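*Asks:* Starting off with a structure, shown below.
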Ligand code: ATP
Ligand code: FE
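Structure follows, in structure tokens:
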């Protein structure tokens, strides 16, 4: 099957063409500069930019793939969760294309896109344990099928990606925060600031990151009070200390989640990561070493498939279509749509 994928749930406008496991084209238009003055993604600005860019993005993906609409078997689109204006822009675009061509329309859960990425890239077999760690989410999932996910733990407050972005803002580094904090951390001392590792010694695999955001704020204020500002070395040391704290928490909690998972699936020791924070080198290296020590297969998709893109959406579309599942023009956009609850209420249904 060859599918067009469309993604517009946050601040990336993306389109891709995927055939089976081959990504024929993947185009991503970021919106970072549009939101730069506001200290975060502004939903209205995002929705408008998606609406303006989607057609062009789709066209570019088709040209890059060397295909026309007639060569496609279906159109997959992120139908949630995310910023509702953006999701609606994508759903409208996909509906227009489906109506014009008669191609099947397939609504995709954005989080399923992240969670199934290791099947696109490495053809990992079910089941596997997934750490989905992104800008808005952080959860351990046992992925049993394209539509079957068991959540065994996750953050009780903020997501690590959000904490990276906040840290970058506090330190005066550019957005998105993850890549700039990682870059600054390379020449930093991770031990200079002893930051907390929240919930590290508590049972289970739930996590918390909001305390870490407060701690990095205090550490920064301490340096500013002493030195009158932040030097480049201070920025690096704060970044390195923050990244080390996040990495330590993710490694320790993954160790526990793997323990839980392996009790249930002793024959199939497999672990994968996805989502924007899975692009972080320190996190990837730490988890890789953990898995090597536990004789567990470890899959970390390439960086451009960890952050938001439409290839992962097209791929879930292929999985759904293969299972005989398609939607029609009544497909609705869902601002909230937990993965372990596939049949989520539709927008406006009042449930
Ligand atoms: P969600 O998938 O939860 O709806 P999202 O789609 O906005 O959220 P992603 O695109 O998956 O999130 O990830 C974006 C997040 O990943 C941002 O918070 C960004 O700072 C973070 N990120 C990207 N690259 C890195 C990196 N190298 N290190 C750490 N964090 C990173
Ligand atoms: Fe995402």
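Numbering (UniProt numbering), first residue to last: 5 to 355. In this text, a Cβ means the ideal position worked out from N, Cα and C, and glycines have one as well. None of these values were measured; they are calculated from a predicted model.
(1) What is the DSSP secondary structure of residue 142, counted as helix, strand or coil?
(2) Pairs of beta-carbons, one from the stretch 99–112 and one from the stretch 254–274, closer than 8 Å: are there three or more?
(3) Does the Cβ of residue 61 lie closer than 7 Å to at least one heavy atom of the ligand ATP?
(4) Exposed or buried, which one is residue 236 when buried takes at least 16 other CB atoms within 10 Å?
(5) Which full runs of the beta strand (DSSP E) of 3+ residues lie inside the stretch 148–225, going along the chain?
(6) Under 7 Å from any heavy atom of the ligand ATP, does the C-beta of residue 284 make it?
(7) Flag this pair as yes or no: are the beta carbons of residue 7 and residue 78 separated by less than 8 Å?
(8) Collect the residues with a C-beta less than 5 Å away from any heavy atom of the ligand FE and give them in sequence order along the chain.
(9) Any beta-carbon of chain D closer than 8 Å to the one on residue 5?
(10) Thinking residue 14 and residue 312 are a contact (beta carbons under 8 Å), I'd like their distance in whole angstroms, please.
(11) Going by beta carbon distance, what residues of the same chain come within less than 6 Å of residue 350, once the five residues before and after it are set aside?
(12) With a threshold of 7 Å, establish whether the CB of residue 151 neighbours any heavy atom of the ligand ATP.
(13) Determine the closest residue to residue 218 out of 199, 234, 210, with distance taken between C-alpha atoms.
(14) Please confirm whether any heavy atom of the ligand ATP lies closer than 7 Å to the CB of residue 14.
(15) Name the residue from 30, 132, 136, 68 whose alpha carbon lies nearest to the alpha carbon of residue 280.
(16) Taking only the alpha-carbon atoms, compute the straight-line gap between residue 50 and residue 220 and give it to the nearest angstrom.
(17) Can you give me the C-alpha to C-alpha distance between residue 12 and residue 125, rounded to a whole angstrom?
(18) Pull the bridge partners of residue 276 from the DSSP assignment, please.
(19) CA-CA distance, residue 98 and residue 229?
(20) Using a threshold of 8 Å, state whether the C-beta atoms of residue 16 and residue 34 are closer than that.
(21) Given a threshold of 16 other Cβ atoms within 10 Å of its Cβ, counted over all protein chains shown, does residue 344 qualify as buried or as exposed?
(22) Looking at the structure shown, is residue 355 part of a helix, part of a strand, or coil, going by DSSP?
(23) Sort 251, 87, 121, 266 by Cα distance to residue 299 and report the nearest one.
(24) So if DSSP puts residue 110 in a beta bridge, which residue, or which two residues, is it bridged to?
(25) Tell me the DSSP bridge mates of residue 23?
(26) Using a 10 Å radius around the Cβ and a threshold of 16 neighbouring Cβ atoms, would you call residue 67 buried or exposed?
(27) Since residue 32 sits in a beta bridge, which residues does DSSP pair it with?
(28) May I ask you to report which of helix, strand or coil DSSP gives residue 350?
(29) Determine whether the beta carbon atoms of residue 85 and residue 115 lie at a separation below 8 Å.
(30) What is the DSSP secondary structure of residue 329, counted as helix, strand or coil?
(31) Would you call the stretch 196–212 in contact with the stretch 241–254, where contact means no fewer than 3 C-beta pairs closer than 8 Å?
(32) Which residues in the same chain as residue 246 place their Cβ atom closer than 6 Å to its Cβ, once the five residues preceding and following it in sequence are excluded?
(33) What's the C-alpha gap between residue 332 and residue 93?
(34) Around the C-beta of residue 132, are 16 or more other C-beta atoms found within 10 angstroms, so that it is buried, or is it exposed?
(35) Across which residues does DSSP place residue 11 in a beta bridge pair?
(36) For residue 140 and residue 74, I'd like the C-alpha separation in whole angstroms.
*Replies:* On the basis of the coordinates in this document:
(1) strand
(2) no
(3) no
(4) exposed
(5) 152–158
(6) yes
(7) yes
(8) 138, 312
(9) The question asks about chain D, but that chain is absent: this structure has only one protein chain.
(10) Their Cβ separation, rounded to whole angstroms, is 6 Å, which keeps residue 14 and residue 312 in contact under 8 Å.
(11) Its pLDDT being 45, under 50, residue 350 is placed unreliably by the model, and the measurement read from it follows with that caveat. If we look at residue 350 and ignore the five residues flanking it on each side, its Cβ neighbours are 336.
(12) False, no ligand heavy atom lies under 7 Å from that Cβ.
(13) It is 199 whose Cα lies nearest to the Cα of residue 218.
(14) A distance criterion of 7 Å places the beta-carbon of residue 14 in contact range of the ligand ATP, judged by its closest non-hydrogen atom.
(15) 136
(16) 29 Å
(17) 22 Å
(18) 134, 303
(19) Approximately 53 Å, taken between the alpha carbons.
(20) yes
(21) exposed
(22) Because the pLDDT of residue 355 is 30, which lies under 50, any placement of that residue in the model is unreliable, and the number read from its coordinates should be weighed accordingly. For residue 355, the three-state secondary structure derived from DSSP is coil.
(23) 266
(24) 80
(25) Looking at the DSSP assignment, residue 23 forms a beta bridge with 6, 26.
(26) Residue 67 should be labelled exposed.
(27) 18
(28) Reliability of the predicted coordinates at residue 350 is poor, the pLDDT of 45 falling under 50, and the value obtained from them is presented with this limitation in mind. Residue state, collapsed to three classes: coil.
(29) In this structure, residue 115 lies closer than 8 Å to residue 85 by Cβ.
(30) coil
(31) yes
(32) 171, 220
(33) 17 Å
(34) With 16 or more other Cβ atoms within 10 Å, it is buried.
(35) 18
(36) 36 Å
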